[in-house]
Amino acid sequence: MEGCIGAGPKACSKCNEGWRWFEAHGCQDVNECIDIPRVCRPNQFCVNNDGSYTCLECDRSCDGCEGDGPDMCKQCANGYALKEGKCQDESSEQRDKYVNITRFLTYFGLCVATCVIFQSSTHIAYIVGAAVAIYIAASEYWLSSNPQAANKPQLDTKQLEEMIMKSL
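Heads up, the final residue of the sequence shown is numbered 161 in the working numbering, and it's a clean run with no missing numbers.
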């Protein structure tokens, strides 16, 4: 602040750029985001700072926004649709289908490989097959569990070991 005669915003004779004089409060920050229409480019949003402002890019799912994130879009960008109050990637559902198909084909391949590799020894094939089945069951249980839960499956290795030993 220029020309101050003491401490605090009331002791200034003139305010710096980005600040405005108010008789009761002295120099106060100007909210350029409210006072200046369209202060940022079309796919940006404004954040007020002390004495200035910053323009930040909208989320890639937005075509214009009010703030940060896919829930702050004015409208969704191409390839995104409004679901549950957020602009979400339309292709993610299609991708999920391919992921599921690929996962099940991998499981099938594990089972076929087990049968082919151990066709001469049914006892070993039984043990390895049981381990593969437990792996598949544990994987599916973990994938179907609540996505808000911890990223690591809560699996007791002692119980898993006992299950394998019982299957022998």
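A virtual CB, placed ideally from N, CA and C, is assigned to each residue, including glycine.
Spatial neighbours of residue i in its chain, beta-carbon cut-off 7 Å, leaving aside the 5 residues before and after
i      : result
Glu50  : Asn36 and Gln37
Asn23  : In the sequence as presented, Asn is not what sits at residue 23; that position holds Val. Only Gly11, Trp12 and Arg13 meet the Cβ criterion.
Gly102 : none
Where residue i sits in the DSSP three-state scheme
i      : result
Asp28  : helix
Gly0   : A small correction: the amino acid at residue 0 is Ala; Gly does not occupy that position in the sequence shown. The answer is coil: DSSP assigns Ala0 none of H, G, I, E or B.
Gly122 : helix
Glu77  : coil
Val40  : strand
Lys67  : coil
Glu83  : coil
Gly19  : strand
Ser137 : helix
Strand pairing of residue i, partner residues [DSSP]
i      : result
Val105 : Answer is none; Val105 lacks a bridge partner.
Leu98  : Paired residue(s): none; Leu98 is not in a bridge.
Tyr46  : Asn41
Arg34  : For Arg34, which the question treats as bridged, DSSP gives no partner whatsoever.
Cys58  : Cys66
Arg13  : Gln21
Same chain, Cβ closer than 6 Å to residue i, neighbours up to 5 away in sequence not counted
i       : result
Asp52   : Gly62 and Pro63
Val32   : Glu25 and Cys39
Ile(-2) : Ala4
Asn42   : none
Gly122  : Thr107
Cβ-based neighbour list, residue i, same chain, cut-off 8 Å, excluding 5 preceding and 5 following
i     : result
Lys67 : Cys55, Asp56, Gly57, Cys58 and Glu59
Cys69 : Ser54, Cys55, Asp56, Leu75 and Cys80
Asp82 : Ser54, Gly72 and Tyr73
Residue i, buried or exposed, once every other Cβ within 10 Å from all chains shown has been counted against 16
i      : result
Glu25  : buried
Tyr46  : buried
Cys20  : buried
Thr99  : exposed
Thr107 : buried
Arg91  : Checking the displayed sequence, the identity of residue 91 turns out to be Tyr instead of Arg. Per the 10 Å Cβ criterion, exposed.
Tyr73  : buried
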